[in-house]
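Data first, discussion second: the structure below is written as structure tokens.
2 protein chains.
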Amino acid sequence: MITYIKVMERQNSETRQGQIKQAVLDIIYTDGLKNLSTRNLAKRIGMSEGAIFRHFATKQDIILAIIQDVQTDFIGQLRKIATSSLEPKERLQKFICSTVQYLTDNKGITMLLFSEASHNNDEQLKSTLRQIFNNQKSLVSKIFLDGIAEGTWDEEIPVENLAMLYMGIPVSLNIELILNRGESQNDNFCKKMLSLMLKLLKR
Amino acid sequence: MITYIKVMERQNSETRQGQIKQAVLDIIYTDGLKNLSTRNLAKRIGMSEGAIFRHFATKQDIILAIIQDVQTDFIGQLRKIATSSLEPKERLQKFICSTVQYLTDNKGITMLLFSEASHNNDEQLKSTLRQIFNNQKSLVSKIFLDGIAEGTWDEEIPVENLAMLYMGIPVSLNIELILNRGESQNDNFCKKMLSLMLKLLKR
DNA sequence: TAACTTTGTAAGTGATTACTTACATCAAGG
DNA sequence: CCTTGATGTAAGTAATCACTTACAAAGTTA
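These protein sequence lines are chains A and B, in that order.
Going left to right, the first sequence walks through residues 1 to 203 as UniProt numbering numbers them.
Going left to right, the second sequence walks through residues 1 to 203 as UniProt numbering numbers them.
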């Protein structure tokens with residue numbers, strides 16, 4: 001009988017970086033941020049602690065890389081929706097629903113974002129977080145303004161305030177997800193929020 | 001010439017507990033959660049690290065005591081407003097404005113709440129956080145329902161969803177406060193949010 | 001005043017942290 | 001085949017963590 005012993009195979013740095021980032025999110029969601037140590041990280045991937053530092057200079061750099069991924073992937077996706085040629089109402093629906101989808105799919109990320117915001121005084125990190133927050137706000141504002149310019153929505157509505165209120169949707173969804181371990185929230189959630197938004201926008 | 005050397009005077013445990021809790025919030029706001037160590041805590045108060053453990057069994061117990069203060073003080077205040085005999089519209093205004101006030105006055109607390117929620121798997125802590133969140137939701141729902149029963153507000157509005165949307169207000173205010181170091185937000189903020197809420201509630 | 005409890009300190013404790021070092025092994029190119 | 005650079009490991013490192021211990025001194029009560 002031949003026994004194959006699985007040994008850690010060599011991978012290029014890009015692949016490893018992806019694995020490490022994914023493991024960070026997994027740990028945060030399953031065990032909480034407190035258990036996000038480089039030791040646990042290495043154990044989760046099945047490599048040595050030293051290997052991690054081959055692919056990232058510091059632990060903080062891993063966090064930064066993840067947050068920059070959010071900036072490109074998530075915000076990029078929202079930008080596409082907001083600047084598409086669809087009707088404003090349809091854009092708004094896609095915008096809200098894909099936000100809700102992203103946040104429920106990537107529960108670890110959102111905990112990471114808000115916790116890092118309060119933990120760190122790292123300015124680079126804070127400024128990226130500010131960008132993510134403000135980009136969402138200005139993209140949703142663009143949709144509101146397009147609908148108002150078109151004449152379908154109320155031009156009296158204070159867009160800035162509405163965008164602020166909108167931002168509460170993803171954020172409080174997060175809180176619920178954290179506190180209720182993701183059990184709540186069916187896929188109707190975004191449609192419910194959409195209908196409230198539409199009532200606010202009605203002339 | 002006589003020189004008086006100021007030495008740490010003995011205080012009763014209750015006084016010290018108050019000082020310790022206040023110092024925790026100060027540290028969180030000025031230096032971030034990362035620097036909330038028992039060493040820094042002792043230094044900030046001007047006592048020894050050992051003395052802290054005379055008044056609280058563990059560091060976690062300090063956090064718990066603070067969160068329980070929020071439950072009694074903040075939620076207690078909101079409960080008084082929600083169950084008062086004022087008009088629903090007036091209650092809603094007081095409710096939103098005193099929430100905004102509390103959160104801006106106690107910036108350290110809110111960072112603590114949300115960070116602990118994602119950090120810890122401590123069930124006692126999580127359950128208290130859930131209570132704080134759900135109490136706010138059900139108290140604001142009560143105001144909505146009273147206004148609907150009275151006939152002033154739209155009975156078609158889905159109260160549960162509206163309460164969820166409402167919860168976004170304090171939560172996203174927090175994010176702004178964290179990211180912008182409390183520079184934004186004048187005292188009109190709650191009135192702006194109130195007027196959006198009122199449009200949603202209009203028949 | 002004597003006995004006892006409470007509040008304080010200084011100097012530890014072992015555990016854990018992010019990160020480093022010395023060295024092995026693998027893949028690729030000349 | 002041999003060199004070279006990238007990727008891996010085991011076993012460290014000093015620093016920091018929450019918390020303890022042994023003891024002193026102050027306050028209280030008898």
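C-beta: ideal position from N, C-alpha, C; glycine also.
CA-to-CA, the gap between GLU116/A and VAL171/A works out to about 15 Å. For the pair ASN35/B and LYS107/B, the Cα-to-Cα distance works out to about 16 Å. Put simply, the CB of ARG130/B is near chain A, with a gap under 7 Å to one of its CB atoms. Contact with chain B is absent for ALA163/A, since none of that chain's Cβ atoms lies less than 7 Å from the residue's Cβ. Look at VAL24/B: its C-beta is not under 7 Å from any C-beta on chain A.
Around the C-beta of THR99/B, 16 or more other C-beta atoms lie within 10 Å, and the residue is accordingly described as buried. If you ignore the 5 residues before and after ILE63/A, its C-beta comes within less than 8 Å of the C-beta of VAL24, LEU112, GLU116, LEU125, all in its own chain and listed in chain order. For LEU36/A, the secondary structure class from DSSP, reduced to helix, strand or coil, is coil. DSSP places GLN22/B within a helical segment (H, G or I) once states are collapsed to three.
The beta carbon of LYS137/A sits closer than 7 Å to those of ALA163, MET167, all from its chain and outside the five residues before and after it, given in chain order. Contact between LEU103/B and ASN174/B holds: their C-beta atoms lie close to 6 Å from each other, under 8 Å.
Distances from the alpha-carbon of GLU150/A to those of ILE132/A, ASN134/A, GLU87/A put GLU87/A closest. Of the candidates ASP73/A, GLN11/A, LYS202/A, GLN11/A places its Cα closest to the Cα of HIS55/A. Listed by position along chain B, the residues whose Cβ is nearer than 7 Å to that of GLY32/A are SER118, HIS119, ASN120, ASN121. Remark: C-beta atoms of ASP154/A and ARG79/A do not approach each other more closely than 7 Å. Between ASP26/A and ARG39/A a beta carbon distance of about 15 Å is seen, past the 8 Å cut, so the two are scored as non-contacting. The beta carbon of LEU196/A sits closer than 7 Å to some beta carbon of chain B. Chain B has a Cβ within less than 7 Å of the Cβ of SER172/A. In the DSSP assignment, ASN174/A falls within the alpha helix (DSSP H) that extends over 159-179. In this structure LEU92/A does not touch ILE157/A by the C-beta definition: roughly 13 Å separates them, more than the 8 Å allowed. With fewer than 16 other Cβ atoms inside 10 Å of its own Cβ, GLU9/A counts as exposed. Residue ranges of uninterrupted alpha helix (DSSP H) with 4 or more members, entirely inside the stretch 112-160 of chain B and ordered along the chain, are 123-150. Every candidate beta strand (DSSP E) stretch fails here, since none sits fully inside the stretch 42-107 of chain A while reaching 3 residues. Counting the other Cβ atoms within 10 Å of the Cβ of THR110/A gives 16 or more, which makes it buried.
Following the DSSP letters along the chain, one finds LYS192/B inside the alpha helix (DSSP H) bounded by residues 189-201. Not flagged as an interface residue toward chain A: SER85/B, since no C-beta distance is shorter than 7 Å. Annotated as proximal: ALA42/A and SER48/A, with beta-carbon spacing under 7 Å. With contacts defined as CB atoms closer than 7 Å, SER118/B and ILE178/A qualify as a contacting pair. LEU194/B is not a Cβ neighbour of ILE132/B, given a cutoff of 7 Å. For SER127/B, the nearest beta carbon of chain A is not closer than 7 Å to its own beta carbon. Taking the Cα of SER141/A as reference, the smallest distance to any Cα among THR152/A, ASN161/A, SER127/A, GLU123/A is reached at ASN161/A.
Those residues of the stretch 92-104 of chain A placed with their C-beta closer than 7 Å to a C-beta in chain B do not exist. C-alpha of ILE169/B to C-alpha of GLY32/B: approximately 23 Å in a straight line. Distance from the CA of GLU123/B to the CA of ASN180/A, rounded to the nearest whole angstrom, comes to 12 Å.
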